[in-house]
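Report on the structure given below.
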Amino acid sequence: MTLDATLDVTLDATLDRSVDAGPDLALDPPRDERRPDARVALAAALKERLRTQPLARVTVTQLVRDCGLTRQAFYYHFHDVQDLAAWVFETEVAQLVHAEARHDSWADGLVRLLAYLRANRTSTEAVLDGLGRARLADFLFRQMRPVTDAVVREVGGGGPAQAADHALVVDFYTSAVVAVVLRWVVDGMVDDPYRLVGDVELILHGSVRESVERLDARARPRAR
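For the sequence shown, the positions run -5 to 218 when the working numbering is used.
Have a look at this one:
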């Protein structure tokens, strides 16, 4: 680590202790937090830093210096650098997923998601390392569940009649898709997104319909 980076880390740690020391040391909201582009500016600075530095080496001092904000402004919006990284990732991924949250275009949305993850490989790997697989999986699950619900309703003819069965099917297949995405990321994002999504689509369309039919058959009263 360079001398400048060491000083930045030390300064961050020292100032962070001051900010967390208690209400007597609380700072008034900084003027530059009112900048409408404050979060966007910090996000852009972080993404630029991640081109050459691991997330663990990026400091608040570097980021505010890069985008012309104060440290108080940073802490007004984010708890720490990892919190900022999570916000950037979650905001951009959520926009991609929600843009295609329909049964007739979910596959296109998934391809775009994989393409985004691969195009932003450094950021993706940094967030995965910083947040952990469990938190990333939970986020992807929450974002993709409405998409899976739309698929189940369309492919499964509206989905299972029983609400509990419907939730079971949606949760199961959402978890399966998320597991495929995470495995693809962990394996280095090598496989072609179009081929991978095509395989997932093929499996879902056959399996979802059969699952719905079996659950509905189980729910129907048996003839005596």
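Backbone N, C-alpha and C define an ideal beta-carbon position, used for all residues, glycine too.
Legend entry - Collapsed DSSP secondary structure at Ser221 in the structure displayed: Not covered by the structure: residue 221. The range shown for the chain is -5 to 218.
Inset, instruction - Could you tell me whether the region 155 to 163 touches the region 97 to 114, using the rule of 3 or more Cβ pairs below 8 Å? - result: Counting Cβ pairs under 8 Å, fewer than three are found: no touch.
Inset, instruction - Spatial neighbours of Arg127 within its chain, please: CB distance less than 7 Å, with the 5 preceding and 5 following residues excluded, ordered by chain position. - result: If you number the sequence shown from 1, residue 127 lands on position 133. Excluding residues within five positions, the ones whose Cβ falls inside 7 Å are Leu176.
Inset, instruction - Would you list, in sequence order, the uninterrupted alpha helix (DSSP H) runs of no fewer than 4 residues that lie entirely inside the region 96 to 166? - result: As far as the region 96 to 166 is concerned, its whole alpha helix (DSSP H) runs of at least 4 residues are 100 to 113, 115 to 125, 127 to 149.
Inset, instruction - Please name the residue, chosen from Val121, Phe83, Ala211, that lies closest to Pro48 on a Cα-to-Cα basis. - result: Translated into positions along the sequence shown, residue 48 becomes position 54. Among Val121, Phe83, Ala211, the Cα nearest to that of Pro48 belongs to Val121.
Inset, instruction - Consult DSSP for Asp74 and reduce its assignment to one of helix, strand or coil. - result: By 1-based counting over the sequence shown, the position of residue 74 is 80. DSSP, read as helix, strand or coil, puts Asp74 in coil.
Legend entry - Classification of Val87 by the beta-carbon crowding that lies within 10 angstroms, buried from 16 upward: Here residue 87 corresponds to residue number 93 of the sequence shown, with the count starting at 1. That one is buried.
Inset, instruction - Might you give, ordered along the chain, the residues of its own chain that have their beta carbon closer than 6 Å to the beta carbon of Asp210, omitting 5 neighbours on each side? - result: The residue you call residue 210 lines up with position 216 of the sequence shown. Closer than 6 Å at the Cβ level, and outside the excluded window around Asp210, lie Pro154, Ala155.
Legend entry - Cβ neighbour criterion (16 or more within 10 Å) applied to Tyr188: In the sequence shown, counting from the first residue as 1, residue 188 sits at position 194. In this structure Tyr188 is exposed. Its beta-carbon is surrounded by fewer than 16 other beta-carbon atoms within 10 angstroms.
Legend entry - Bounding residues of the alpha helix (DSSP H) (the contiguous stretch that carries Ala38): Against the sequence shown, residue 38 aligns to sequence position 44. First-last of the alpha helix (DSSP H) with Ala38: 32 to 43.
Legend entry - Of the residues Leu63, Val54, Gly62, the one placed nearest His73, counting alpha carbons only: If you number the sequence shown from 1, residue 73 lands on position 79. Distances from the CA of His73 to each of Leu63, Val54, Gly62 were compared; the closest alpha carbon is that of Val54.
Inset, instruction - Compute the Euclidean distance between the alpha carbons of Ala131 and Leu44, then round it to the nearest angstrom. - result: Position 137 of the sequence shown holds residue 131. Position 50 of the sequence shown holds residue 44. If I take the Cα positions, the gap works out to 22 Å.
Inset, instruction - Could you spell out the range, first to last residue, of the alpha helix (DSSP H) harbouring Pro187? - result: For the purposes of this step, residue 187 is taken as residue 193 along the sequence shown, with counting starting at 1. Counting along the chain, the alpha helix (DSSP H) containing Pro187 begins and ends at 187 to 213.
Legend entry - Whether Arg65 touches Val58 by CB criterion (8 Å): By one-based count along the sequence shown, residue 65 stands at place 71. By one-based count along the sequence shown, residue 58 stands at place 64. In this structure, Arg65 lies near Val58, with their beta-carbon atoms less than 8 Å apart.
Inset, instruction - Throw me the rounded Cβ distance for the Val163 and Val146 pair, which I believe falls under 8 Å. - result: Here residue 163 refers to the residue found at position 169 when the sequence shown is read from its first residue. Here residue 146 refers to the residue found at position 152 when the sequence shown is read from its first residue. Between Val163 and Val146, the beta carbon gap of about 5 Å places them in contact (Cβ cut-off 8 Å).
Legend entry - Residue from Phe133, Arg106, Val206, Asp143 with nearest C-alpha to Gly192: Taking the sequence shown and counting its residues from 1, one reaches residue 192 at position 198. Out of Phe133, Arg106, Val206, Asp143, the CA that lies nearest to the CA of Gly192 is found in Arg106.
Inset, instruction - Could you name the residues of the same chain whose beta carbon sits closer than 6 Å to that of Leu104, not counting the 5 residues immediately before and after it, in chain order? - result: By 1-based counting over the sequence shown, the position of residue 104 is 110. Counting only Cβ-Cβ distances below 6 Å, and skipping sequence neighbours, we find Val191.
Inset, instruction - Quick one: give me the first and last residue of the alpha helix (DSSP H) that Thr53 is part of. - result: Here residue 53 refers to the residue found at position 59 of the sequence shown. That residue, Thr53, is in no alpha helix (DSSP H); it is neither H nor E in DSSP.
Legend entry - Integer-rounded CB distance, given that Glu204 should sit under 8 Å from Ala101: In the sequence shown, counting from the first residue as 1, residue 101 sits at position 107. In the sequence shown, counting from the first residue as 1, residue 204 sits at position 210. About 19 Å separates the CB atoms of Ala101 and Glu204; that is not less than 8 Å, and the two are not in contact.
Legend entry - Reduced DSSP secondary structure (H/G/I, E/B, other) of Leu5: Counting from 1 along the sequence shown, the entry for residue 5 is found at position 11. For Leu5, the predicted structure reports a pLDDT of 48, less than 50, and the residue's modelled location is therefore unreliable. The matter cannot be settled from this model.
Legend entry - Where Asp60 sits in the DSSP three-state scheme: Walking along the sequence shown from the start, residue 60 turns up at place 66. Asp60 carries a helical assignment under DSSP once its states are collapsed to helix, strand and coil.
Legend entry - Distance, Ser169 Cα to Pro140 Cα: Sequence index remark: in the sequence shown, residue 140 carries index 146 (1-based). Sequence index remark: in the sequence shown, residue 169 carries index 175 (1-based). When rounded, the separation of the alpha-carbon atoms in Pro140 and Ser169 is 12 Å.
Inset, instruction - Evaluate Asp181 with the Cβ neighbour count: other Cβ atoms within 10 Å of its Cβ, from every protein chain shown; 16 or more gives buried, anything less gives exposed. - result: Residue numbering aside, residue 181 sits at position 187 when the sequence shown is read from its first letter. So Asp181 counts as exposed.
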